[in-house]
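Reminder that position 351 of the sequence shown reads as 361 in our numbering, one-by-one numbering, no gaps.
Note that the Cβ used here is the ideal one computed from N, Cα and C, for glycine as well.
Small disclaimer: the values here were computed from a predicted structure and weren't measured.
For reference, the structure is listed below as structure tokens.
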Amino acid sequence: MSMTRRNFLMRVGQAGGYSAAFATMQSLGLMPMKAIAAEPIAAAPGSGKGIKLVVAGAGIGGLVAAYEAKKLGYDVTLLEARGRPGGRNFSARKGVKVEFVDGETQTCTWDDGNYQNMGPGRLPSVHATMLGYCRELNVPLEVEVNSSRSTFLQNDNANGGKPVVQRKAVNDTRGHVSELLSKSISGGALDQELTKEDRERMVTFLKIYGPLNKDGKYVGSDRAGYKTPAGAGPVVGVVDDPLDMHTLLDENFWTGVLYEETWDWQATMMQPVGGMDRIPYAFDKALGKAVVYNAPASEIKKTDSGVEISYKQGNGTKTVHADYFICAMPLTILKDIPNNLSPAYKTAVDGATYAGAYKIAWQSRRFWEQDYNIYGGLSFMNPGPTTIVWYPSGGLMSHNGILVTGYEEENNWGFSKLSTQEKFEKARTQLERIHPGHGKELTQPMFCGWRRVKWNEGSWIRSYGGGPSGYDTIIQPDGAIYFAGDHTSHIVGWQEGAALSARRAVNMISERVRSARLAGGHAGQNA
11 MSMTRRNFLM RVGQAGGYSA AFATMQSLGL MPMKAIAAEP IAAAPGSGKG IKLVVAGAGI
71 GGLVAAYEAK KLGYDVTLLE ARGRPGGRNF SARKGVKVEF VDGETQTCTW DDGNYQNMGP
131 GRLPSVHATM LGYCRELNVP LEVEVNSSRS TFLQNDNANG GKPVVQRKAV NDTRGHVSEL
191 LSKSISGGAL DQELTKEDRE RMVTFLKIYG PLNKDGKYVG SDRAGYKTPA GAGPVVGVVD
251 DPLDMHTLLD ENFWTGVLYE ETWDWQATMM QPVGGMDRIP YAFDKALGKA VVYNAPASEI
311 KKTDSGVEIS YKQGNGTKTV HADYFICAMP LTILKDIPNN LSPAYKTAVD GATYAGAYKI
371 AWQSRRFWEQ DYNIYGGLSF MNPGPTTIVW YPSGGLMSHN GILVTGYEEE NNWGFSKLST
431 QEKFEKARTQ LERIHPGHGK ELTQPMFCGW RRVKWNEGSW IRSYGGGPSG YDTIIQPDGA
491 IYFAGDHTSH IVGWQEGAAL SARRAVNMIS ERVRSARLAG GHAGQNA
């Protein structure tokens, strides 16, 4: 049976992961993917003049919608239930509170300058829309160290439960895969559709990529680490013995090894200097008085002329009439607000389910840097309940920092049944599996479980009422009501999805306004 280049690359990817397939594509002269910038909003400045637009929800979706609409001249009001912008874009720092729906609150007591992004924590270089807003709003960025070969992969069911340094797992796997592929090519196991030149190129490449010795075997590499590091005088570095392929496969390390190869997780990742919430606060500054805080929506009603939105403020209720309305609130919140949405939209909203991701963060001496040579990145453990340790990228080399010892779904491993204090103790115990003796150094813990956070009640959407048709419904307007947020995109859980959905909503409204004006009607008429 013949094998095309496509099939060959698929086998390389299955055996060695995306990095092996990507490097193979490069060796064969194929091109990688690249980011695509967002299309500009197809409306002229001033085209929204005389049109009233209300947006509810000052997460990234709502902020982008209000910002872009304001630039077009719309009369914009952005309602936000909380006293801050950002929604899930939330950075914990000294004095900040996390408030749960059951009334439980936590107040952050970390040292000045320390922070942790409890929601989104990275900006992929392929998310051109969000990076563009950072440029436009003068939000300074720095590198977010999303992966480090000094971090650990640990599995109770293999290697005696002992953690393995990621560089060793990655490079030993690469070496074994390269040896197997080299043998297959040299032995003629691949069909003639791979040309003689292709085979020679690949064998030469694999000897370097593996790296393989002159006999085409993998016997270890300095890339995977040393038994004894090189030093001064007569001290020669001694390369560590490779893990055998059986151990690497049995250890189920692939999630940890390959996570950084996902297209939107690859280096270079970025983060705003000082916290992810620098982005929403920059939008807030640009929007000025258009944002009304501590103003939760209490009723949404379509009318013959547009939309009527009521919201609470102080001890009273106010009502604002608008030509158009963009709902950028989570569907978990919208479903509890009285409304007259059409039946298909009610089904999509009322039946929506959300994930319950959480983060647990602590202040600690930077033992991971000082004792383990880890500067940023993530370690992975198995089994849970907490399976991730996320090391900070900011403030490198300072005395202390903020360490995340859990970033999971709260319903996994029965974690949601534990009290907050029990969660802290469980996370501290889990850390001991890869950093023994350091659990006692963790202090001032903060837990942010998004399913329990007031005005969110979920981290990102899991499903829509009505199934896939629910998504198809919610991305279209219901009269003068439009929807925005990452739940109306195929980039769920990322700020990029929220931003693109907001731009799309403003585009659709602008097209409707333009069409109404061309037809000689009132641009704000709900018709």
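About 5 angstroms separates the beta carbon of residue 300 from that of residue 86, a gap short enough to meet the 8 angstroms contact definition.
Within the same chain, 104, 373, 410 come within 8 angstroms of residue 121 by CB-CB distance, once the 5 residues on both sides are set aside.
Exclusion of the five residues before and after residue 336 leaves 65, 75, 492, 494, 515 as the residues of its chain whose Cβ lies within less than 6 angstroms of its Cβ.
Note: residue 436 is not bridge-paired with any residue in the DSSP secondary-structure output.
Look at residue 119 here: in three-state DSSP terms it is coil, with no helix or strand label. Taken in chain order, the whole beta strand (DSSP E) runs of length 3 or more contained in the stretch 417-482 are 453-459, 471-473. Under the three-state reduction of DSSP, residue 164 is assigned to strand. By the neighbour-count criterion, in which a residue is buried when 16 or more other Cβ atoms sit within 10 angstroms of its Cβ, residue 142 is exposed. Exclusion of the five residues before and after residue 402 leaves 411, 412 as the residues of its chain whose Cβ lies within less than 6 angstroms of its Cβ. Taken in chain order, the whole alpha helix (DSSP H) runs of length 4 or more contained in the stretch 337-368 are 341-344, 353-360. Judged by DSSP secondary structure, residue 102 falls within the beta strand (DSSP E) whose first and last residues are 101-103. Distance from the CA of residue 385 to the CA of residue 406, rounded to the nearest whole angstrom, comes to 7 angstroms. Per DSSP, residue 85 is not a residue of any alpha helix (DSSP H); the beta strand (DSSP E) it occupies stretches across 85-89. Judged by pairs of C-beta atoms under 8 angstroms, the stretch 482-492 touches the stretch 323-338, as three or more such pairs exist.
Checking the DSSP bridge columns, you'll see residue 126 partnered with 102. Between residue 330 and residue 318, the alpha-carbon positions lie close to 6 angstroms from each other. Per DSSP, the unbroken beta strand (DSSP E) holding residue 390 starts and ends at 387-392. In its chain, beyond the 5 residues on either side, 420 have a beta carbon closer than 6 angstroms to the beta carbon of residue 426. The Cβ-Cβ distance between residue 371 and residue 456 falls below 7 angstroms. At the C-beta level, residue 520 and residue 511 stay beyond 7 angstroms of one another. By the 16-neighbour rule on beta-carbons within 10 angstroms, residue 287 is buried.
Where residue 308 is concerned, the enclosing beta strand (DSSP E) starts and stops at 307-313. Shown here, residue 383 sits in coil according to DSSP, grouped into three states, outside any helix or strand. Around the beta carbon of residue 525, a 10 Å sphere encloses fewer than 16 other beta carbons of the protein chains shown; the residue is thus reported as exposed. Contact between residue 506 and residue 139 holds, with the beta-carbon distance rounding to 6 angstroms and staying under 8 angstroms. Note that the stretch 47-63 does not touch the stretch 288-308; fewer than 3 beta-carbon pairs, one per stretch, sit closer than 8 angstroms.
Collapsing the DSSP output to three states places residue 224 in coil. The bridge partners DSSP lists for residue 375 are 410. Sequence-distant partners of residue 51 (beyond 5 residues in either direction) whose C-beta falls short of 8 angstroms from its own C-beta, in its chain, are 78, 82, 513, 516, 517, 520. DSSP places residue 136 in no alpha helix (DSSP H); its state is neither H nor E. From the listed residues 482, 360, 440, the smallest Cα separation to residue 389 is found for 440.
The bridge partners DSSP lists for residue 280 are 133, 153. Annotation for residue 319: the continuous beta strand (DSSP E) segment containing it runs 316-323.
The Cβ neighbour count for residue 239, taken over all protein chains shown within 10 Å, is under 16; the residue is labelled exposed.
Considering only 217, 395, 169, 368, the residue with the shortest C-alpha distance to residue 127 is 368. With 16 or more other Cβ atoms from the protein chains shown falling within 10 Å of its own Cβ, residue 188 counts as buried.
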